[in-house]
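Working notes, beginning with the structure itself.
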Amino acid sequence: MHSDRAPQKPATDGQRWAGAPQRLQSEHRALLAARALVDRMRTLYRELEQLSGAPIGMHRALNCIGSEPGIRASGLATALGMQRPAVSQLLKGMSARGWIERRRGDADQRAVSIYLTASGQRMVKVTVGRAVGALQRAVQALGDADVERLSESLP
31 MHSDRAPQKP ATDGQRWAGA PQRLQSEHRA LLAARALVDR MRTLYRELEQ
81 LSGAPIGMHR ALNCIGSEPG IRASGLATAL GMQRPAVSQL LKGMSARGWI
131 ERRRGDADQR AVSIYLTASG QRMVKVTVGR AVGALQRAVQ ALGDADVERL
181 SESLP
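Heads up: the sequence shown runs through residues 31 to 185, numbered per my numbering.
This is the structure in structure tokens:
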């Protein structure tokens with residue numbers, strides 16, 4: 031069967047949303063921006079992991095330890111938003127790579143503080159800004175009210 035109508039071109043994204051209510055247009059733009067950020071972060075993380083041979087969690091931990099020398103594992107877990115067992119595994123991996131050292135406290139031998147070794151400091155210097163911090167920079171670019179709304183709306 032043959033139709034006399036010319037085939038229609040698919041609507042462009044702008045055309046598709048042109049008549050939609052402002053709220054839907056805003057939601058659509060926000061979703062596109064969020065997807066682009068997630069895709070960019072995924073790419074950055076993959077590049078960083080290939081460069082260093084270490085997972086992104088280790089780099090996040092290295093940055094935290096570098097920013098707060100002597101941090102304890104519990105403080106690191108809180109800073110990273112991770113559970114203690116997961117942080118323990120990260121610390122084992124970083125220790126095996128020679129990136130951190132653990133020191134027992136003089137007054138309380140049970141207290142263990144974590145520091146970067148020279149090798150760990152070099153790793154932070156080489157990788158700083160590649161992926162770790164990219165998300166923080168994106169959030170820092172938001173206004174106070176937007177940051178508050180974002181923190182309240184994300185699971």
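All C-beta atoms in this analysis are idealised placements derived from N, C-alpha and C, irrespective of residue type, glycine included.
**Request:** Under 8 Å by Cβ, that's how I've got Leu-106 and Ala-168 pegged, so tell me the actual separation to the nearest angstrom.
**Result:** One-based indexing of the sequence shown puts residue 106 at position 76. One-based indexing of the sequence shown puts residue 168 at position 138. Leu-106 to Ala-168, Cβ: 23 Å. No contact.
**Message:** Going by DSSP, what residue range makes up the alpha helix (DSSP H) through Ile-86?
**Reply:** Your numbering for residue 86 matches position 56 in the sequence shown. Taken as a continuous stretch (DSSP letters only), the alpha helix (DSSP H) holding Ile-86 covers 86-97.
**Asked** Secondary structure at Arg-72, three-state DSSP: helix, strand or coil?
**Response** Indexing the sequence shown from 1 puts residue 72 at position 42. Arg-72 falls in the helix class under three-state DSSP.
**Prompt:** If you scan the stretch 116-175 from start to end, which runs of the beta strand (DSSP E) of 3 or more residues do you find wholly inside it?
**Reply:** 130-134 and 142-146
**Message:** Here's the rule: buried if 16 or more other CB atoms are within 10 angstroms of the residue's CB, otherwise exposed. What is Ala-84?
**Reply:** Residue numbering aside, residue 84 sits at position 54 when the sequence shown is read from its first letter. Buried, by the Cβ-count rule.
**Prompt:** Which value, in whole angstroms, describes the spacing of the CA atoms of Tyr-145 and Leu-74?
**Reply:** Position 115 of the sequence shown, counted from the first residue, corresponds to residue 145. Position 44 of the sequence shown, counted from the first residue, corresponds to residue 74. Going from the Cα of Tyr-145 to the Cα of Leu-74 covers about 26 Å.
**Buried or exposed (CB count within 10 angstroms, at least 16 for buried), Ala-91** = The sequence position of residue 91 within the sequence shown is 61, counting from 1. When all chains shown are included, Ala-91 counts as buried.
**Request:** Counting only the same chain and skipping the five closest in sequence on each side, list residues whose C-beta sits under 8 Å from that of Thr-147.
**Result:** Sequence index remark: in the sequence shown, residue 147 carries index 117 (1-based). If we look at Thr-147 and ignore the five residues flanking it on each side, its Cβ neighbours are Gly-128, Trp-129, Ile-130 and Glu-131.
**Item:** Proximity winner among Gly-111, Pro-185, Ser-143 and Glu-77, relative to Pro-99 (alpha-carbon distances)
**Value:** Taking the sequence shown and counting its residues from 1, the one referred to as residue 99 is at position 69. Closest by alpha carbon: Ser-143.
**Proximity of Met-88 and Leu-110 at Cβ, strictly below 8 Å** = As a working note, residue 88 is residue 58 in the sequence shown. As a working note, residue 110 is residue 80 in the sequence shown. Not in contact: Met-88 and Leu-110 (Cβ atoms no closer than 8 Å).
**Request:** Measure the Cβ-Cβ separation of Ser-104 and Arg-114 and say whether it is below 8 Å.
**Result:** By one-based count along the sequence shown, residue 104 stands at place 74. By one-based count along the sequence shown, residue 114 stands at place 84. In this structure, Arg-114 lies closer than 8 Å to Ser-104 by Cβ.
**Request:** Mark Gly-135 as exposed unless 16 or more other C-beta atoms lie within 10 angstroms of its C-beta, in which case mark it buried.
**Result:** What you label residue 135 is simply residue 105 of the sequence shown in a count that begins at 1. Gly-135 is exposed by the Cβ-count criterion.
**Request:** Note down the Cα distance separating Leu-81 from Asp-174, rounded to an integer number of angstroms.
**Result:** Numbered from 1 along the sequence shown, position 51 holds the residue referred to as residue 81. Numbered from 1 along the sequence shown, position 144 holds the residue referred to as residue 174. Distance between the alpha carbons of Leu-81 and Asp-174 is about 35 Å.
**Request:** Just confirm the distance between the C-beta atoms of Gly-77 and Ile-86, as a whole number of angstroms; I'd bet it's less than 8 Å.
**Result:** Along the sequence shown, one-based indexing puts residue 77 at 47. Along the sequence shown, one-based indexing puts residue 86 at 56. It should be noted that the sequence gives Glu, not Gly, for residue 77. The pair is not a contact, with the Cβ atoms about 10 Å apart (cut-off 8 Å).
**Asked** If you check the beta carbons only, do Gly-96 and Gln-151 fall under 8 Å apart?
**Response** Locating residue 96 in the sequence shown gives position 66, where the first residue counts as 1. Locating residue 151 in the sequence shown gives position 121, where the first residue counts as 1. Contact: yes.
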